[in-house]
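Report on the following structure.
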Amino acid sequence: MLTSLQNEQVKYVVNLHKRKYREERGEFLIEGWRFVEEGVRRGAHFSKIFVCPERQAEQWPGLAKVFKEKGVPIIEVEERVLRKMSDTENPQGILAIGKQPKWGWQDFEDLLRSKEQHRSSPTLPVLLVLDGVQDPGNCGTILRTALASGVRHVCLTEGTVDLYNLKVLRSTMGAIFSLKILTHCQGEEIVDFCRRGKIPIFTGDTEGRDLYELDLPTPMALVVGNEGNGPSSIFRSSQVTRLTIPMSQEVESLNVAMATGIILYELRRRANLSC
Numbered sequence: 119m120l121t122s123l124q125n126e127q128v129k130y131v132v133n134l135h136k137r138k139y140r141e142e143r144g145e146f147l148i149e150g151w152r153f154v155e156e157g158v159r160r161g162a163h164f165s166k167i168f169v170c171p172e173r174q175a176e177q178w179p180g181l182a183k184v185f186k187e188k189g190v191p192i193i194e195v196e197e198r199v200l201r202k203m204s205d206t207e208n209p210q211g212i213l214a215i216g217k218q219p220k221w222g223w224q225d226f227e228d229l230l231r232s233k234e235q236h237r238s239s240p241t242l243p244v245l246l247v248l249d250g251v252q253d254p255g256n257c258g259t260i261l262r263t264a265l266a267s268g269v270r271h272v273c274l275t276e277g278t279v280d281l282y283n284l285k286v287l288r289s290t291m292g293a294i295f296s297l298k299i300l301t302h303c304q305g306e307e308i309v310d311f312c313r314r315g316k317i318p319i320f321t322g323d324t325e326g327r328d329l330y331e332l333d334l335p336t337p338m339a340l341v342v343g344n345e346g347n348g349p350s351s352i353f354r355s356s357q358v359t360r361l362t363i364p365m366s367q368e369v370e371s372l373n374v375a376m377a378t379g380i381i382l383y384e385l386r387r388r389a390n391l392s393c
């Protein structure tokens, strides 16, 4: 059992709260029983598990069995040590180190399949681009909504909040484990991928064309921009179609996570996807 706050493993976990350290190590933290359980259910890759015997939940025996079968080290820690390692004042009793999956553009090639192939799939053929979205809650909510609507392919441009920020992770409620997500993307490479694959690009904009009057072919790319400034200049070119959600009562705009959800579910409705 870990009892010392100066233990090297404790220091390692504390360092994983820093974005630079996470990126260097290719790992991230997963906190809480429900989040760890979602990771197991969705096939996440775990490096190590820290558990506090005083705070074990009823699902622990089942989780412990899975981790032992997979050869994932399980380390017991004192409650005060877990508090040191955790991002919350009252940690639930479990903290895990997960491995960051490494995706590349080759993993997005299935977006380029024919429409006929997509019709027989439960996946919504949309490349979702978060362009400079900075609020962790918004980012996490968008990712969870994206998965629920059928999206599997996501790009985060440079300047978007860190995917492995704990507030982002908590907001995804485990959806992150089932998405293919490219981070640190440049607008130019996204546009180039779409051009090569003949994927039209649409971006949410308060001055765009009415969402419900537009022809929205699939596959397509949907860009949602920064909360204050909207999408960057490369996604405002004449080659990009701007769309807007019609609003009443002189309301000017919606929260970016809410707006993204409305657009994605309109796309899902048109695609007539099954659950």
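Using our numbering, you'd call the opening residue of the sequence shown number 119 and step up by one each time. For glycine and all other residues, C-beta sits at the position ideal for the given N, C-alpha and C.
{"Item": "Residues of its chain near E197, where Cβ-Cβ distance is below 7 Å and the 5 sequence neighbours each way are ignored", "Value": "C170, E172 and R173"}
{"Item": "Whole-angstrom distance between D253 and S122, CA atom to CA atom", "Value": "35 Å"}
{"Item": "Between the CA atoms of E306 and E276 - distance to the nearest angstrom", "Value": "11 Å"}
{"Item": "Distance between E176 and T290 (C-alpha atoms, nearest Å)", "Value": "23 Å"}
{"Item": "Separation of G222 from F320, as counted between CA atoms", "Value": "22 Å"}
{"Item": "Cα-Cα separation between M338 and D310, rounded to whole angstroms", "Value": "13 Å"}
{"Item": "Cβ pair count under 8 Å reaching 3, the segment 372 to 381 against the segment 257 to 270", "Value": "yes"}
{"Item": "Cβ-Cβ separation, V154 to I212 (assumed contact under 8 Å), whole Å", "Value": "5 Å"}
{"Item": "Neighbourhood of R360 by C-beta, 7 Å cutoff - its chain only, sequence neighbours within 5 removed", "Value": "T321, D323, E325, G326 and R327"}
{"Item": "R198, DSSP secondary structure in three states", "Value": "helix"}
{"Item": "DSSP state of E327 mapped onto helix, strand, coil", "Value": "Per the sequence shown, residue 327 should be read as Arg rather than Glu. It is a strand residue."}
{"Item": "Sequence-distant residues of its chain with Cβ nearer than 6 Å to V341 (five each side left out)", "Value": "V247, D249, T321, P349 and F353"}
{"Item": "Distance between beta carbons of G216 and T241, contact taken as under 8 Å", "Value": "At roughly 24 Å, the Cβ-Cβ gap does not stay under 8 Å, so T241 and G216 are not in contact."}
{"Item": "Rounded separation between R137 and G255 - CA only", "Value": "17 Å"}
{"Item": "Rounded separation between Q304 and M119 - CA only", "Value": "45 Å"}
{"Item": "Selected residue, minimal CA-CA separation from I308, among K188, M203, E384 and Q224", "Value": "Q224"}
{"Item": "Among T278, V251, I299 and H163, the one whose alpha carbon lies nearest that of L265", "Value": "I299"}
{"Item": "Where E407 falls: helix, strand or coil (DSSP)", "Value": "There is simply no residue 407 to check, as the chain begins at 119 and stops at 393 in what is shown."}
{"Item": "Outcome for K202 when other beta-carbon atoms lying within 10 angstroms are tallied against a minimum of 16", "Value": "buried"}
{"Item": "Distance, Y383 Cα to K129 Cα", "Value": "43 Å"}
{"Item": "Range covered by the beta strand (DSSP E) that runs through C303", "Value": "K298 to C303"}
{"Item": "Best match in R313, I381, V358 and F295 for proximity to L329 [C-alpha to C-alpha]", "Value": "I381"}
{"Item": "DSSP bridge partner residues for R360 (one or two, in chain order)", "Value": "T321"}
{"Item": "Range of the contiguous beta strand (DSSP E) that encloses A293", "Value": "Taken as a continuous stretch (DSSP letters only), A293 belongs to no beta strand (DSSP E), as it is neither H nor E."}
{"Item": "F164, enclosing beta strand (DSSP E) - first and last residue", "Value": "F164 to V169"}
{"Item": "Cβ-based neighbour list, H163, same chain, cut-off 7 Å, excluding 5 preceding and 5 following", "Value": "G216 and K217"}
{"Item": "For K166, the nearest candidate out of E368, G189 and R231 (CA to CA)", "Value": "G189"}
{"Item": "Chain-order list of residues whose beta-carbon lies under 8 Å from that of H135 (same chain, five-residue window excluded)", "Value": "L147, D205 and L284"}
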